[in-house]
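Note that the protein sequences, when read in sequence, are chains A and B. Counting from 170, one number per residue, gives the positions in the first sequence under my numbering. Counting from 35, one number per residue, gives the positions in the second sequence under my numbering. C-beta: ideal position from N, C-alpha, C; glycine also. Working notes, beginning with the structure itself.
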Amino acid sequence: MNLQAPVQNSMKPGRWINSTCKMCLHSCNTRVHITDDGIINKIEGNPTSPSNVGRLCPKGNAAIMRHYDPNRFKTPLRRTNPEKGPGVDPKWEPIGWDEAFDLVAKELKKSISEDPRKMLPAINDFQKIFLWAWPACFGNANYFSSVGNFCGGGYHPMNGFVHSTFAAANDPKYCNFWINNGGGDGFSSHLHVTAQAYAVANARIERGMKVVVVEPRMSIGAAKADQWMPIRPATDRQFALSMCAVLVEERLYDVAFLKKDTNAPYLVGPDGYFCRNAEGKIWVWDTKSNQARLWDDPAIGDFALEGTYEVDGVTCRPAFQVFADILKDCSPEAMEKITTVPAANLRRMARDFARAAQIGSTIEIEGRRLPLRPAAYNYYRGAQGHKYSAMANQSFKLVNFLVGNIDAPGGHVGGTLDDQQVDRGHIEPGENGMIKTMPHQLHPEVPFSFPPNETHLMGFFPIGVDPGHLTQEVLGNPEKYGLDYRPDVMLLCHTNPLWNLPGDRERWFEVMRSMRFIVAVDIIPNDTNAWADVILPSHDLLESWNMTMIEPPNTEGPCLRQPATPPLYDTRSEEEIFYELSERMGVLEIWNDIQNFVLGLTAKPELMLERGKKYTDREIAERKGLLWNGKPMDWYIEHGHAVTPRRPDKWYRPWEGMRLHFYIEDIVRVRDELKQKMEDAQVPFRHEWEWLDYQPLPIPVLDPVHLEPAAFDLYAITFKDIQINFGESLTNPWINDIVWKDPVHTAFLINAAVGRDRGLVDGDFVKVESPYGSVFGRVALSQEIHPDTIAVSNALTRIATQHTGVRHGGGNFNDLLPANLRNTDACSGQPETVGRVRMSKLDILPANIQANPLFASKEA
Amino acid sequence: MTNWGMVFDLRRCIGCNACAIACKQENTLPSGVFFTKTLTFTSGEYPNVKKLYVPTICNHCEDPPCERVCPTGATYMRPDGIVMVEAQDCIGCGTCIVACPYDTRTILDEHHLQDGLFGQGHITPFEMQGYVRFTKGTTVKCTFCHERVDAGQDPACVATCPTEARIFGDIDDPNSAPSRLIRERNGRQPLPEKNTSPKVYYVD
């Protein structure tokens, strides 16, 4: 060994380039070290980034192992084994790109020319979200994947209703009291986890920010919290409503905010609509003159928030009073029976929260006097992933509404997905002084149709996020749903629906078997692309160009991805793949039209993609950079990003002068319009449609998971942590190495006292069974979990043949979940993510069970 | 002379192990080999439970037992306090591993370097460029990223830590960040009863 030569990778002779991480969907800024021999040997955070400030999470640190993964697809591949199934070797044979493109285009075109709806696409690359729009070239709006099951079916539309944004997060810059309910923001997951963990750690340590975490399992956030409030799964909405009840009962709410900045004073009639005059203007009640006045009447002395009034012979109440009346059934004492959270604890916490909110205080930021509300309620997938998801999301928002912290410094602040241009605002005025609601954050509304055009019934979810799981229900009962075609080709792109979709795997396998042809654009093998007929291998995150901004909580600006090395293998960019397919399928012109729209290039015509021309990934990335700030690619290559702290005028109360939707009348309107459309079309399943799900204000009704047969006496939840945050992780040997050293990821967690009562000891092998499916695994008795709960790490539930790291577990957690209408929020499309289960000890040892596609016998 | 040390802020640490993987990246560590890792400790009974994430690393002790017991002098301390192992002199006897009360040393077996991170003997180009530093049958451990430190940088684990839970610097300088933390928040050394004078401190 040459003692003079450096042994540490970052110190070896080489060069650094600026780039962007893609180990989750977010976009931390990185610098990548390439040795003089062309080997990538270190990736670090880019210290110039105000987002992740030179830091990276464990996944970001592990990106090199994705790049050098020997299991990567190295050339286009064609399946030679006609048999398909979980664990069945596709027996790939390499083919050339031209042959592969020709073959794929021919097969897709064959079905699409018969009926454009016959393609089931699952395009899931979040950093190249414009690719999702490719099926629109054919007028196809099918979607074979889940959003709600791993993300936020109700979450995103509700953010669109309230903030006109895709995401929302508490503001760590000023927050002093941070509630996390079923989400890992600031600790282990969700929006830019490294950036937010840093910001939250600083707030905790430097400012003494108090953290309260509400969830069934003690996550990282709960471990770091001042208070962990364990809660029975799927009762988060009732918890939030009981908090609201305390705030209203004890008058701990921001009266000025509710009267001036929201529609809480607008009068609501018995039909759920606002009371309007003949011109459509909304009435409020003026308590000074004791009469109804139009909302913008300058003569209004004071807005009534409470009371019952009569206007034009119609009995009506301010929206606030409607909510206050709902809350009469939501006392902490009543909700405790559902949530198990002791009422006294809840009351104390609610009061502390309200006190910390400093209602009435202000702060001057950049010459603007703003309300300072340093207390906020954050939540995400675990809290909102339930049947009544729209209501759940709104109940969490309403805690924030009551203390007046919406988009306020220290409060609960909307976060845009991609602003596209540095000076583009996201707020538009709506009717009657309110902001325009923007529930469609991912794609434009899909029109209603019957017979349904979409196998997941997207046309029936005018304010929802794609309920991809319903494809199982619809394809399993096509006559019932009036489906007048059968999809027979599938397009997969950076996706793994057989992992993420809820419902019975065997029924999903049937859907896969019904496909005449499947193509997958991907990097490494997974559960789903193992069913493909052709693999089109794409470059990885260290070989390709991109420009992206993905819902950063505290910053804004696009981030550049650039190649650190030439492609290791015979791979192509996604852009090239879709262009080649577009050209062969005759949609090259419309594909550029669609991209111009989706990328926002229409705002600067000089940047628009020309019809009929093909562009490289670099050319499209450069246009996105130019669109943002006019800087050319060379500037981005030098800087790596255009990220700045989010500007206060865009971040704090960008809707100043307009009113927010405390009461969401649009939900009522959408319900009634849909009802009418279904009636007009005589949709046969209209009477079993879940009309209760559309509420303008949330009510405490129980989610159906609580109504399963009593024999299923536990609630099963699944969870991730920062090491396995978002997508695929465990095929990465470094992630593997740390995950299996963490006891929470090595066995199903049950409460220690419950386990002892049932005669269980650590390591016992159990079957966990819901009315819909089952999983196997070892149990660990834990103090870190609610007694009603069994918690299954996402690391433990995979199809074993694809994931040799999986330890003596079996099956997929999502099998425990129903993929039916009853357990789908008709309003948002969100499926229930909690399973009602029973657990039984098995005498057989895992080692004695033969390994099969659903079961790994590997010992820890 | 500088005397390098580190402070772990237990209130900041979220147990994510980004440090462990950054270390694996920086030092090309084989599967199962860690120069730093985070332990978890849970106390109390539901619902009154506390969980603590405790990062661990070679403590680069002032009086390192590993150095004392090393029969060949392979383990030595640099003038700036970093405890090193000279692979050429290490005979792999393992005495240091027994002597270290902190379980931070590993003897590299042949399989570590031959199995490959992806197993089945597949050695990636990344491993090829990195494993040349190692000699099978010798002891390896954290070096505080001595080459980065010599170049004026923080160790890789410190640089990447998402919550800034690792604070590195000259603990002989009373104004350094670690010295201030030790003083202001009553920094404690691990296993003081072992009389090793660790240069790693914990604050909570």
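Could you tell me the alpha carbon to alpha carbon distance between residue i and residue j, rounded to whole angstroms?
i, j, result
"TYR548(A)", "SER458(A)", "41 angstroms"
"ARG219(B)", "TRP301(A)", "51 angstroms"
"HIS625(A)", "ASP635(A)", "7 angstroms"
"VAL572(A)", "VAL331(A)", "15 angstroms"
"GLN589(A)", "GLN122(B)", "57 angstroms"
"ALA1029(A)", "VAL944(A)", "Residue placement at ALA1029(A) cannot be trusted, given a pLDDT of 38 that sits under 50; what the coordinates show is reported in the next sentence. When rounded, the distance between both Cα atoms is 18 angstroms."
"GLY186(B)", "ILE763(A)", "50 angstroms"
"PRO987(A)", "TYR941(A)", "6 angstroms"
"HIS359(A)", "ASP455(A)", "43 angstroms"
"THR177(B)", "GLU675(A)", "52 angstroms"
"ASN992(A)", "GLU1001(A)", "6 angstroms"
"LYS253(A)", "GLY637(A)", "22 angstroms"
"ARG235(A)", "GLY377(A)", "38 angstroms"
Pick helix, strand or coil for residue i, following the three-state DSSP scheme.
i, result
"ARG838(A)", "helix"
"GLN148(B)", "helix"
"GLU479(A)", "strand"
"LEU360(A)", "coil"
"THR686(A)", "First, the amino acid is wrong: residue 686(A) is Phe here, not Thr. PHE686(A): strand per DSSP, three-state reduction."
"PHE30(B)", "The requested residue 30(B) is not part of the displayed model; chain B covers only 35 to 238."
"GLY36(B)", "The sequence given here has Thr at residue 36(B), not Gly. Here THR36(B) sits in coil by DSSP."
"HIS202(A)", "strand"
"VAL41(B)", "strand"
"PRO226(B)", "helix"
"VAL103(B)", "helix"
"GLY554(A)", "coil"
"SER210(B)", "coil"
"GLU960(A)", "A quick correction: the sequence has Ala, not Glu, at residue 960(A). The answer is strand: DSSP assigns ALA960(A) an E or B state."
Beta-carbon of residue i versus every beta-carbon of chain A: anything under 7 angstroms?
i, result
"PHE152(B)", "yes"
"GLU79(B)", "yes"
"GLN163(B)", "yes"
"SER210(B)", "no"
"LYS58(B)", "yes"
"LYS170(B)", "no"
"THR194(B)", "yes"
"SER231(B)", "no"
"ILE216(B)", "no"
"ILE48(B)", "yes"
Alpha carbons only, please: which of the options is nearest the one belonging to residue i?
i, options, result
"THR169(B)", "VAL316(A), ASN293(A), VAL176(A)", "VAL176(A)"
"ASP984(A)", "SER939(A), GLU448(A), GLN407(A)", "SER939(A)"
"ASP926(A)", "MET1008(A), THR204(A), ASP872(A), PHE945(A)", "MET1008(A)"
"GLY355(A)", "TYR546(A), ASP423(A), PRO912(A)", "TYR546(A)"
"PRO216(A)", "CYS197(A), ALA232(A), ARG730(A)", "CYS197(A)"
"VAL874(A)", "ALA733(A), TYR557(A), SER751(A), TRP804(A)", "TYR557(A)"
"PRO608(A)", "ARG247(A), PHE630(A), ASN920(A), ASN318(A)", "PHE630(A)"
"THR697(A)", "GLU712(A), SER713(A), VAL680(A)", "VAL680(A)"
Mind checking who residue i pairs with in its DSSP beta bridge?
i, result
"HIS581(A)", "ASN339(A), ILE575(A)"
"VAL383(A)", "ASN350(A), MET398(A)"
"PRO263(A)", "LEU246(A)"
"LEU670(A)", "Answer by DSSP bridge pairing: none, since LEU670(A) is not bridged."
"CYS92(B)", "According to DSSP, which records beta bridges pairwise, CYS92(B) is partnered with nothing at all."
"ARG741(A)", "SER707(A)"
"TRP452(A)", "LEU463(A)"
"GLU597(A)", "Per DSSP, none; premise fails for GLU597(A)."
Could you confirm whether any beta carbon from chain B is found closer than 7 angstroms to the beta carbon of residue i?
i, result
"LYS379(A)", "no"
"ILE233(A)", "yes"
"PRO608(A)", "no"
"TYR738(A)", "no"
"CYS190(A)", "no"
"LYS649(A)", "no"
"ASP395(A)", "no"
Comparing the CB of residue i with every heavy atom of the ligand GTP, is any distance shorter than 6 angstroms?
i, result
"ASP405(A)", "Judged by which ligands are present, the structure shown has none, so any question about the ligand GTP falls away."
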